[in-house]
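Novice: Starting off with a structure, shown below.
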Amino acid sequence: GAGVSQSPSNKVTEKGKDVELRCDPISGHTALYWYRQSLGQGLEFLIYFQGNSAPDKSGLPSDRFSAERTGGSVSTLTIQRTQQEDSAVYLCASSFQGPQWSGETQYFGPGTRLLVL
Amino acid sequence: GDSVTQMEGPVTLSEEAFLTINCTYTATGYPSLFWYVQYPGEGLQLLLKATKADDKGSNKGFEATYRKETTSFHLEKGSVQVSDSAVYFCALHLRGDNNDMRFGAGTRLTVKP
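Quick mapping for you: the protein sequence lines, in order, are chains W and F. Numbering follows our numbering, in which position 34 of the first sequence is assigned residue number 233; successive positions increment by one, without gaps. Numbering follows our numbering, in which position 53 of the second sequence is assigned residue number 54; successive positions increment by one, without gaps.
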C-alpha cells in the first residue's frame, strides 16, 4: 500500500504485560514520528526518528516506553509493564524530510488503539 | 515552549452555516502552520497548510491565513456540509533539532442537516 500502516489496529492487554506496536512508513520517507492520542485529548508527541537515529526522546512518558527503527524503515514502539493510563490511540506518521525547510506534511497511519485492563 | 491553542469544542452547526475555528500559536521562530482533520473512523490527514506569514492555505472550501501579527491561523469555511463533521487539529512545525509537530487539542465539529 502507499500509505502508512500500523499494526495491530487494536490491542487489549492486561496491566503489567509488555506490548509492541509496529509502524510501516511510506516508502522513501526518512522521518518517522510517534504520537499518543488519549481520549478527549490532543496529540502528544512521543519520539521522532531521522533515519535510524532518534535525536529527540524527550516526549516518551516514562522509561517503560522505548522505540527503535531499523533499516530506516519499520519502527516499533514498546511499552513495558503496561499501566491503565497507557490506554490510548498510538499514531505513527512519516514525512519525506527534504533538505530544505518547507513545512513538510506528515502522513499518518490509522493508529493502534491500546486498551490496558 | 512552542505551543498551539485552539478553540474548544464541540461545535455544532446547521448545514450551510459559516464556520470559524480559532487557532493561535506561540513559537520562538517562524513555524509552518497546519490544519489536520480526522473524519470518523479514519486517520489524521492534512487539510491545508501555510509556510510563511500572510500565506493562505485552502482546500475543500476551507481557508486559513497565517497572521504573524496576531500569531493566528483561524480555519474558516463559508458553507459547511454534513460531510465536514470531523475533529479538526491546528498544528505548528518548527524545524530544528527536535523536528516535531505541536498539535492543539482538537475541535469536534458536527454539522446537522
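Don't be surprised by glycine CBs; every beta carbon is placed ideally from N, CA and C.
Using only alpha-carbon positions, find the residue among P260(W), E213(W), Y234(W), V315(W) that is nearest to C222(W).
Specialist: Minimum Cα distance to C222(W) is reached at Y234(W).
Novice: Closer than 8 Å by C-beta to G270(W): which residues in its own chain qualify, once you throw out the five before and the five after it? Chain order, please.
Specialist: Only N251 meet the Cβ criterion.
Novice: Please classify D285(W): does DSSP put it in a helix, a strand, or coil?
Specialist: When secondary structure is reduced to three states using DSSP, D285(W) falls in the helix class.
Novice: Apply the 10 Å Cβ neighbour rule to E70(F) and answer buried if 16 or more other Cβ atoms are within range, or exposed otherwise.
Specialist: exposed
Novice: Quick one: grab the DSSP three-state call for D223(W).
Specialist: strand
Novice: Please confirm if L313(W) has its CB atom under 8 Å from at least one CB of chain F.
Specialist: L313(W) does not count as touching chain F.
Novice: Identify which residue in P309(W), I225(W), D285(W) has its Cα closest to the Cα of K214(W).
Specialist: D285(W)
Novice: In chain order, what residues of the same chain lie with their CB nearer than 6 Å to the CB of S217(W), ignoring the 5 residues before and after it?
Specialist: Checking the displayed sequence, the identity of residue 217(W) turns out to be Asp instead of Ser. So the list reads Q279, once near-sequence residues are dropped.
Novice: In chain order, what are the residue ranges of uninterrupted beta strand (DSSP E) at least 3 long that sit wholly in the stretch 9-71 of chain F?
Specialist: 12-15, 20-22, 24-27, 33-39, 45-51, 57-60, 63-66
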